[in-house]
Every structure is written in C-alpha cells, then in structure tokens.
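Enquirer: Before anything else, here's the structure in question.
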Amino acid sequence: MPQVTFIEHNGTAHTVEAELGKSLMEAAVGNAVPGIDADCGGACACATCHVFVEPEWEAKTGARTEAESAMLNFAAEVKPNSRLSCQIPVTAELEGLVVRMPEGQH
C-alpha cells in the first residue's frame, strides 16, 4: 500500500497507508486525518475533502473532472492545484504523495 502524507494548514503532517483502488479521501477518513470530513461520503457532492496537490504530483493524480470543478466553486481557498480527495484514486504511482489542506479545514 502506498504511503501518502496529508499536511494540515498548521504544518502537522499525517502519513498514512492508502489502500490501492480506494480514494485518497477514504485513506484519510480511515486513518482519522483531521480536516478531511467527507460529509458526502465520496459522492463529489461537497467540498469537505478539499486538498492542494503538490505540483510535482499533479500529473500522477490526474485532472479535475467537470463535476469536481463545479463542486470546488463551493470551497474556500481554491487554487489551480485544488482537488477533491474523493476524486483521486489510489494507485501504486502515488507512493510518497504529499497533499496539503486549506486553512478552513481543521
């Protein structure tokens, strides 16, 4: 299982093992990472799993879908590297992935 790191807005890092085939959000929720609430359960119907993908990982995490972009309109602090972690499937290529969370999520 790949290890991924979620970094809170205050710099606190949480490195977790992410199960292949699950979403990044599921890895966070399953490991009680604070700041990833996942109110909609991964249906791309809220923005409570918003993360910033580090630039060197953007190609490996894929591009936003139209639905994801629309949902991010409801998120605070949206940046070009904003993603919903429920829309990022965990693959072996994500070993070492680092994502950061916006200040509004804690």
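With this note's numbering, the residue at position 81 of the sequence shown is 480, and numbering never jumps. We treat Cβ as the ideally placed atom computed from N, Cα and C, and that holds for glycine.
Does the region 414 to 433 touch the region 477 to 487, meaning 3 or more C-beta pairs lie closer than 8 Å?
Expert: Short answer: they touch.
Enquirer: Give me whichever residues DSSP pairs with Leu483 in a beta bridge.
Expert: Residue numbering aside, residue 483 sits at position 84 when the sequence shown is read from its first letter. In the DSSP output, where bridge partners are listed per residue, Leu483 has His449.
Enquirer: Taking buried to mean at least 16 other C-beta atoms within 10 Å of its own C-beta, is Gln504 buried or exposed?
Expert: What you label residue 504 is simply residue 105 of the sequence shown in a count that begins at 1. Under this definition Gln504 is a buried residue.
Enquirer: Using a Cβ distance threshold of 8 Å, determine whether the region 457 to 466 contacts the region 433 to 440, with at least three qualifying pairs required.
Expert: At 8 Å Cβ cutoff, the stretches do not touch.
Enquirer: Nearest by alpha-carbon distance to Pro501: which of Val477, Gly495, Ala491 is it?
Expert: By one-based count along the sequence shown, residue 501 stands at place 102. Of the listed residues, the one whose Cα sits closest to Pro501 is Val477.
Enquirer: Across which residues does DSSP place Glu416 in a beta bridge pair?
Expert: If you number the sequence shown from 1, residue 416 lands on position 17. Answer by DSSP bridge pairing, in chain order: Gln402.
Enquirer: Tell me the residue span of the beta strand (DSSP E) that contains Val497.
Expert: By one-based count along the sequence shown, residue 497 stands at place 98. Start and end: 497 to 499.
Enquirer: Going by C-alpha to C-alpha distance, which of Thr447, Cys443, Thr404, Phe405 sits closest to Ala469?
Expert: Within the sequence shown, numbered from 1, the residue matching residue 469 stands at position 70. Ala469 has its Cα closest to that of Cys443, out of Thr447, Cys443, Thr404, Phe405.
Enquirer: Skipping 5 residues on each side, what residues in its chain have a beta carbon closer than 6 Å to that of Leu496?
Expert: Here residue 496 corresponds to residue number 97 of the sequence shown, with the count starting at 1. Cβ neighbours of Leu496 beyond the five flanking positions: Val403, Trp456.
Enquirer: Below 8 Å on the Cβ atoms is my contact criterion, and I expect Ala426 with Val489 to pass it. Report the Cβ-Cβ distance as a whole number of Å.
Expert: Along the sequence shown, read from residue 1 onward, the residue named residue 426 stands at position 27. Along the sequence shown, read from residue 1 onward, the residue named residue 489 stands at position 90. The pair is a contact, with the Cβ atoms about 6 Å apart (cut-off 8 Å).
Enquirer: Which stretch, first to last residue, makes up the alpha helix (DSSP H) that contains Val428?
Expert: Position 29 of the sequence shown, counted from the first residue, corresponds to residue 428. Counting along the chain, the alpha helix (DSSP H) containing Val428 begins and ends at 423 to 429.
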